[in-house]
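**Q** Questions regarding the structure given below will be posed in turn.
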Amino acid sequence: MTAPMHKLAKKNLTYSAYIRFKISVIILLGIICIFAAFVAIAAGSAGLSPKEVALTLIGHGTKQSETVIFNIRLPRVVTAIVAGIGLATTGCAMQSLLRNPLASASTLGVSQGAAFGASFAIVVLGAGVQSQTLDGVTIMNPYLVSICAFVCSMLSTLVVLGLSRFKKITPEAMVLSGVALSALFSGGTTLMQYFADDVKVAAVVFWTFGDLGRASWREVTIMAIVTLISFVYFMFNRWNYNAMQSGENTAKGLGVNVDSMRIVGMVICSFTASVIVSFVGIINFIGLISPHVMRRIIGGDHRYLLPASALAGALMLLLSDTLARLAVAPVILPIGAITSFLGAPLFLYLLFKGVARK
Amino acid sequence: MINVKDLNFSYGKSCRVLSQIAFEANEGQCIAVLGNNGAGKSTMIKCLNRILQPQEGTVVVNGRDIQRLKRQKIAQDMAYVAQQNESAQFTVYDAVLLGRKPYIKLNPTEEDHKITKDILKRMGLESFSLRYLDELSGGELQKVMLARALAQQPKVLMLDEPTSNLDLKNQYEVLRIIRDIAIEDRICVIIVIHDLNLALRYCDRFMFIKDSSVYSLGDINTVNSETISEVYGMNVAIENIRGYQTVVPICG
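Residue numbers (my numbering), protein chains in the order written: chain A, 27 to 384; chain B, 48 to 299.
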């Protein structure tokens with residue numbers, strides 16, 4: 027439980043006040059997200075004032091400001107929001123489905139699979155790299171890379187589920203199979219890099235860093251549709267996830283079809299995460315910690331935990347990306363590193379503060 | 048109320064745990080399921096509501112065959128409380144409200160909230176309702192799990208060692224609540240239990256399980272020193288102490 031809730035409970039408040047607290051946290055997060063999105067759109071080297079940005083957003087901008095905002099900054103900001111929501115909600119669902127606090131879509135090998143697929147496309151299929159002075163390298167055929175990344179990131183989930191058809195395996199065994207397959211993919215990636223030339227290795231490494239600027243409106247739309255569908259599915263199953271939290275047998279006793287729900291849920295989680303990772307590269311930490319942070323603030327009830335985690339993920343990714351762009355502008359730092367730099371200390375703080383309450 | 052016929056269950060192909068289990072029980076009855084560790088008691092109650100899928104046999108509750116029902120429908124008739132309970136990050140109120148899961152379509156109705164509140168009151172948990180489960184003692188947690196099962200408004204309530212983590216006072220209190228519920232709500236309660244004296248005090252039917260089958264089933268006279276010596280492999284005397292039948296182990 028959480029420090030703020032602890033105080034509320036002590037005050038002997040009613041259940042409806044307790045629910046109102048959760049709803050206000052979600053609304054507050056939403057407002058902060060909107061504010062952070064505006065800051066992210068306004069921030070940058072083009073020298074636009076907040077007023078100009080606001081005018082442009084409501085359709086009264088100059089041609090130059092419209093180009094900067096609608097073609098460059100807005101897709102990037104929307105990508106951060108969509109990817110944050112997608113990664114955080116799939117992490118939240120996976121933690122419940124596999125009953126494992128370390129679970130996120132990456133646990134089943136999504137990230138390592140994507141890295142392997144991207145390497146394969148760049149090194150073996152020759153998706154083409156071109157040297158540039160500022161960015162280092164640019165990939166010529168991003169679609170081929172994304173498709174390979176997507177196929178390989180789904181592969182390990184399908185292998186785990188395939189294995190579970192022959193023999194009924196426990197959630198622990200599923201997590202461990204995911205770890206094993208991740209190791210296999212990492213090994214494959216390393217081998218490919220070992221035999222590839224410098225430029226290609228640089229391209230692979232650059233791809234795995236993750237970059238929200240890779241997605242244009244078309245990719246953003248695909249990600250948004252997939253994320254929306256999976257979010258609706260998760261919300262529809264919120265009571266099932268609550269039941270799963272109480273143990274497998276208890277969930278079955280409460281009328282939940284645990285086995286089929288786990289399989290369908292895992293496919294949806296890894297599909298959503300795969301789509302996101304194949305478009306923007308590897309962003310690991312968001313899916314793991316957003317649900318944990320929110321669980322500490324509003325508790326484990328998925329009716330509120332799912333939307334709260336979604337907003338927390340969006341906010342964290344937005345802040346990380348803004349920081350990545352501004353810290354040593356005009357160089358854009360790798361987003362995966364920034365999410366870890368911001369997320370890890372926050373997570374440790376909450377973890378130890380949480381322990382101290384006892 | 049509940050009618051079980053020829054229930055067979057095995058883990059894998061060779062490890063048979065239940066063989067030809069058959070019994071009947073009626074509303075208002077509190078049945079103690081007794082037997083050695085590994086006799087198949089817990090497995091049996093999990094087979095009744097298909098937490099485990101029995102290979103053969105039928106379970107009929109209120110005239111309906113459990114095999115033909117969807118899980119959600121089964122959960123409206125039968126509630127199960129596990130031996131080990133996970134203390135997730137839920138408040139007591141939400142944990143009990145979860146018992147309404149088999150009836151909830153998208154959101155809990157006013158009635159679901161009313162039932163939840165009534166049960167919290169009945170179990171004396173009102174003052175805890177906003178406490179988190181991981182802050183409760185073993186006895187309090189056990190009562191919450193029982194309250195959740197009652198929120199399902201079951202006809203058959205199955206409890207797997209409900210007193211195993213409780214101190215002396217809580218053991219008697221929890222079992223007394225369970226017996227009262229069986230009588231007041233006219234439901235059938237099936238309890239896996241190790242403490243014979245607790246069972247003698249609060250249950251009215253006794254089922255001994257030995258070698259995967261029902262060894263004997265009946266009223267308090269079923270619990271005699273011959274049966275116990277056969278089932279548990281231990282000599283006991285059964286004496287009446289202050290009006291209570293009491294099992295006294297005799298061993299060196």
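No residue lacks a Cβ here, since even glycine has one placed at the ideal position from N, Cα and C.
I want to see whether chain A comes within less than 9 Å of B/P149, judged by CB atoms only; does it?
**A** Yes, its Cβ sits closer than 9 Å to a Cβ of chain A.
**Q** So that I know if they touch, is there some Cβ in chain A lying closer than 9 Å to that of B/Q123?
**A** Yes, B/Q123 lies at the interface with chain A (some Cβ there is under 9 Å from its Cβ).
**Q** Indicate the three-state DSSP secondary structure (helix, strand or coil) for B/D242 in the structure shown.
**A** Three-state result, B/D242: coil.
**Q** Within 9 Å (strictly less), CB to CB, does A/F262 reach chain B?
**A** Judged by the 9 Å Cβ criterion, A/F262 is in contact with chain B.
**Q** Using beta carbons (cut-off 9 Å, strictly below), is B/R111 in contact with chain A?
**A** No - not a single Cβ of chain A is within 9 Å of the one on B/R111.
**Q** Does DSSP put A/A43 in a helix, in a strand, or in coil?
**A** Note: A/A43 maps to helix in three-state DSSP.
**Q** Just to confirm, is the Cβ distance from A/N310 to A/M287 under 9 Å?
**A** No. Outside cutoff.
**Q** I want to verify the contact list: residues of chain A whose CB lies under 9 Å from the CB of B/K52, in sequence order.
**A** Those within 9 Å of B/K52 in chain A number zero; the least Cβ separation is about 22 Å.
**Q** Taking a contact to mean a Cβ-Cβ separation below 9 Å, would you say A/S427 touches A/T115 in this structure?
**A** Since the first residue of chain A shown is 27 and the last is 384, residue 427 of chain A is not available in this structure.
**Q** When the Cα atoms are used, what is the spatial distance from B/F70 to B/K52?
**A** Cα-Cα distance, rounded: 7 Å.
**Q** Within 9 Å (strictly less), CB to CB, does A/N283 reach chain B?
**A** Interface residue, yes.
**Q** On the CB-based measure, 16 or more other CB atoms within 10 Å of its CB, does B/L245 come out buried or exposed?
**A** Answer is buried; the Cβ neighbour count reaches 16.
**Q** Short of 9 Å Cβ to Cβ, which residues in the region 309-326 of chain A face chain B?
**A** So the list reads R321, R322, G325, G326, given in the order they occur along the chain.
**Q** Leaving out five residues before and five after B/I121 in sequence, what residues of the same chain have Cβ atoms less than 7 Å from its Cβ?
**A** For B/I121, where only same-chain residues beyond five positions count, the Cβ hits under 7 Å are N96, R97, I113.
**Q** Can you tell me the Cα-Cα spacing of A/F373 and A/I315, whole angstroms?
**A** Cα to Cα, the separation comes out at about 7 Å.
**Q** Are the beta-carbon atoms belonging to B/I300 and B/M254 less than 9 Å from one another?
**A** The question about residue 300 of chain B has no answer, for chain B in this structure spans 48 to 299.
**Q** Among the residues of its own chain, which have a CB less than 8 Å from the CB of A/C360, if the five just before and after it don't count?
**A** Checking the displayed sequence, the identity of residue 360 of chain A turns out to be Pro instead of Cys. Only F235, G236, D237, A350 meet the Cβ criterion.
**Q** Start and end of the beta strand (DSSP E) containing B/V107?
**A** That run of the beta strand (DSSP E) goes 103-108.
**Q** I need the straight-line Cα distance from A/S346 to A/G362, nearest angstrom please.
**A** About 9 Å.
**Q** Just the C-alpha distance for B/V80 and A/I323, rounded to the nearest angstrom, thanks.
**A** Those two C-alpha atoms are separated by around 43 Å.
**Q** Check distances from the C-beta atoms of the region 90-114 of chain B to those of chain A and list, in chain order, the residues that come in under 8 Å.
**A** Result list: K93, N96, R97, I98.
**Q** Check whether the region 156-167 of chain B touches the region 180-188 of chain B, taking contact to mean three or more Cβ pairs, one atom from each stretch, closer than 8 Å.
**A** Counting Cβ pairs under 8 Å, fewer than three are found: no touch.
**Q** B/S176 versus chain A: which residues are under 8 Å apart at the beta carbon?
**A** In chain order: Y41.
**Q** So that I know if they touch, is there some Cβ in chain B lying closer than 9 Å to that of A/G273?
**A** It does: the Cβ of A/G273 has a partner Cβ on chain B nearer than 9 Å.
**Q** Does DSSP put B/Q100 in a helix, in a strand, or in coil?
**A** Three-state result, B/Q100: coil.
**Q** Just the Cα atoms here: how many angstroms apart are B/S66 and B/N83?
**A** Distance between the alpha carbons of B/S66 and B/N83 is about 16 Å.
**Q** Give the straight-line distance between the Cα atoms of A/V227 and A/A141, rounded to the nearest whole angstrom.
**A** In a straight line, the C-alpha of A/V227 is about 12 Å away from that of A/A141.
**Q** When DSSP builds the beta bridges, which residues end up paired with B/L264?
**A** The partner list for B/L264 (beta bridge, DSSP) reads B/M254.
**Q** In this structure, how does DSSP classify B/A112 when only helix, strand and coil are distinguished?
**A** First, the residue type needs correcting, since residue 112 of chain B is Asp and not Ala in the sequence shown. The answer is strand: DSSP assigns B/D112 an E or B state.
**Q** Applying a beta-carbon distance threshold of less than 8 Å, which residues of chain A neighbour B/N132?
**A** By Cβ distance, chain A contributes S272, G273, T276.
**Q** Whose Cβ in chain B lies nearer than 7 Å to the Cβ of A/N268?
**A** The contacting residues are L145.
**Q** To the nearest angstrom, how far is the alpha carbon of B/R289 from that of A/L128?
**A** So the alpha carbons of these two residues sit roughly 55 Å apart.
**Q** With a threshold of 9 Å between beta carbons, is A/L123 in contact with chain B?
**A** Not one chain B Cβ lies under 9 Å of A/L123.
**Q** Among A/I248, A/T40, A/A43, A/G56, whose alpha-carbon lies nearest the alpha-carbon of A/A334?
**A** Per the Cα distances, A/G56.
**Q** Around the C-beta of A/S42, are 16 or more other C-beta atoms found within 10 angstroms, so that it is buried, or is it exposed?
**A** So A/S42 ends up on the exposed side.
**Q** To test your reading of the DSSP string, which unbroken alpha helix (DSSP H) runs of 4 or more residues are found completely within the region 267-305 of chain A?
**A** Fully enclosed alpha helix (DSSP H) runs of 4 or longer: 274-279.
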